[in-house]
Amino acid sequence: MAKSVVQEFTKGLWAEIPPFRLVLGLCPTLAVTKTVENGIGMGVATTFVLVCSNIIISLLRNVIPKKVRIACFIVVIATFVTVVELVMQAFTYPLFLKLGIFIPLIVVNCIVLGRAEAFASKNGLVPSFADGLGIGIGFTLSLAALATFREVLGSGTFLNIPVFGPSFKPFGFMVEAPGAFMCLGLMLCIMNMLGKK
Amino acid sequence: MREMIRLFLVVTLFSAFSGGLLAAVRTGTQERIEYQQLKFVKGPTIKTIMKGCSNDPLVDRFKIVDRDKERSFFVGVFDGKPRVVALESSGKGFGGNIGVIVAINLDNDQIVGIGVTTHSETPGLGSRTKTDPDFSAQFRGLPINNVFKVKADGGQIDAVSGATISSRGVCAAVNASVDAYKRLKSQILEKVRAFKA
Chain A
50 MAKSVVQEFT KGLWAEIPPF RLVLGLCPTL AVTKTVENGI GMGVATTFVL VCSNIIISLL
110 RNVIPKKVRI ACFIVVIATF VTVVELVMQA FTYPLFLKLG IFIPLIVVNC IVLGRAEAFA
170 SKNGLVPSFA DGLGIGIGFT LSLAALATFR EVLGSGTFLN IPVFGPSFKP FGFMVEAPGA
230 FMCLGLMLCI MNMLGKK
Chain B
112 MREMIRLFLV VTLFSAFSGG LLAAVRTGTQ ERIEYQQLKF VKGPTIKTIM KGCSNDPLVD
172 RFKIVDRDKE RSFFVGVFDG KPRVVALESS GKGFGGNIGV IVAINLDNDQ IVGIGVTTHS
232 ETPGLGSRTK TDPDFSAQFR GLPINNVFKV KADGGQIDAV SGATISSRGV CAAVNASVDA
292 YKRLKSQILE KVRAFKA
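Order-wise, the sequence lines are chains A and B.
Residue numbering for the first sequence follows the numbering used here, starting at 50 and increasing by one per position.
Residue numbering for the second sequence follows the numbering used here, starting at 112 and increasing by one per position.
See the structure below:
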């Protein structure tokens, strides 16, 4: 409780960065990081849901009875996910088609529910906002980093711009599902090595 | 007992608010979503059929209630006058429904062109009803008092080889569109006239 708002925000960027430190929300992490564009799109959508649900849940934390809290959290989260889904359809339709089923699946993303349960339902508005924003940005950065490795090696492009020139043979394994697991595993390993002092 | 009522009330209120919010967002985005879906799903097909028109048929569209459902019509302006309307119908193919857009010349009641929009036919066989320009070109210039059939059924259309059922589905969709056009012609002309003004 003694932590400052800044600390609540910055912990999401390194100390508790999902998915590397919390190791939550792996399903979208593995599935959508074929390209940087998809990764960032997914990250931004999740951040929006996370921030909004954290705000609402922290405001209503004294109203929500303990026994039905999970049901209430899910209603709040699902509402914002549907809002994101509609807005994406209206403004970024091609991205919506690419992310497909993974947008509605933000509802069951453990990061969002986890922050609601572990943080927003116990803390005030400002720290909850900072927490949601920090974790969300951390998630976006993680997806972008993972997607960068996969897209650059797997398709030879970054944000759809070729980076290696025409003689490059794409390392197709990286954009397949096994490549996602390998890449994530190696990144977790590096994170742990860096974290160990 | 009192606690039960409280739980019940909270969850009900949450759901009611969420429902209201979503209804509002949906109303706000509906038109844009519809346009985006048209643009990315039907747009390319419509643009190909109506090559050379001087307007955007996706914007210049209107709806007419046909029996119990609404049909969308897309207007194509050629030589400064709205001469062509396109409409979509579906026919049963091999893997499901095939959506086909048919563009009809209002002056001489001939087919200007057809194009498949959505389908779930076998890749490489039935899918060629969408990708093979020679197949759809057969409909071009045919008067709409024809009943369109594949040659195997005694008609005038060469089926895509290996995909008679898919080709039949396309013919059925074209027939459905032509029937709707004939049925609604007076209303279509009325609406098109309103466009000139």
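Don't be surprised by glycine CBs; every beta carbon is placed ideally from N, CA and C.
Fair warning: this is a prediction, and the values are worked out from it, not measured in the lab.
Exercise. Is it true that the CB of Leu169 of chain B sits closer than 9 Å to the CB of Ile157 of chain B?
Worked result: yes
For this session: Determine the direct distance from the alpha carbon of Arg279 of chain B to that of Phe256 of chain A, and round the result to whole angstroms.
Result: Here chain A comprises residues numbered 50 to 246, so residue 256 of chain A is not present and cannot be evaluated.
Exercise. What is the DSSP secondary structure of Gly237 of chain A, reduced to helix, strand or coil?
Worked result: This sequence places Leu at residue 237 of chain A; Gly is not what is there. Residue state, collapsed to three classes: helix.
Exercise. Pro143 of chain A touches chain B at which residues, Cβ-Cβ below 8 Å?
Worked result: Phe151
For this session: Taking only the alpha-carbon atoms, compute the straight-line gap between Ile276 of chain B and Gly237 of chain B and give it to the nearest angstrom.
Result: 8 Å
Exercise. Terminal residues of the continuous alpha helix (DSSP H) containing Glu142 of chain B?
Worked result: 113–148
Exercise. Is the beta carbon of Val124 of chain A sitting closer than 9 Å to the one on Phe125 of chain B?
Worked result: yes
For this session: Report the neighbours of Ser231 of chain B on chain A: residues whose CB is nearer than 9 Å to its CB, in chain order.
Result: The contacting residues do not exist; Ser231 of chain B stays about 16 Å from chain A at best.
For this session: Ignoring anything shorter than 4 residues or poking outside the region 187–267 of chain B, list the alpha helix (DSSP H) runs there in chain order.
Result: 239–242, 244–248
Exercise. Taking 9 Å as the CB-CB cut-off, is Ala308 of chain B touching chain A?
Worked result: Only weak support is given to the placement of Ala308 of chain B: the predicted model assigns it a pLDDT of 48, under 50, and the question is left unresolved by the model.
For this session: Could you give the DSSP three-state label for Glu65 of chain A: helix, strand or coil?
Result: coil
Problem set entry | Reference Ala197 of chain B, options B:Gly206, B:Ala214, B:Lys203, B:Val188, closest by Cα | B:Ala214
For this session: Examine the Cβ distances between the region 172–187 of chain B and the region 246–257 of chain B and report whether three or more of them are shorter than 8 Å.
Result: no
Problem set entry | Simplified DSSP assignment, three categories, for Ala193 of chain A | helix
For this session: Kindly list, in the order they appear in chain B, the residues whose Cβ is closer than 7 Å to that of Gly136 of chain A.
Result: Residue 136 of chain A is actually Val in this sequence, not Gly. Correct list: Thr140.
For this session: Could you say which of B:Phe128, B:Asp243, B:Arg143 lies nearest to Gly235 of chain B if we only look at CA atoms?
Result: B:Asp243
For this session: Report the residues of the region 101–134 of chain A with a CB closer than 8 Å to any CB of chain B, ordered along the chain.
Result: Val112, Ile113, Pro114, Lys116, Val117, Ala120, Cys121, Val124, Val125, Ala127, Thr128, Thr131, Val132
Exercise. Any chance the CB of Thr206 of chain A is under 8 Å from a heavy atom of the ligand FMN?
Worked result: Inclusion of the ligand FMN in the displayed structure is not the case, the ligand content being empty and no account of it being possible.
For this session: Express the C-alpha separation of Glu181 of chain B and Arg199 of chain A in angstroms, rounding to a whole number.
Result: 45 Å
For this session: Evaluate Leu192 of chain A with the Cβ neighbour count: other Cβ atoms within 10 Å of its Cβ, from every protein chain shown; 16 or more gives buried, anything less gives exposed.
Result: buried
For this session: Closer than 8 Å by C-beta to Phe184 of chain B: which residues in its own chain qualify, once you throw out the five before and the five after it? Chain order, please.
Result: Arg172, Phe173, Lys174, Ile175, Val196, Ala197, Leu198, Ile299, Lys302
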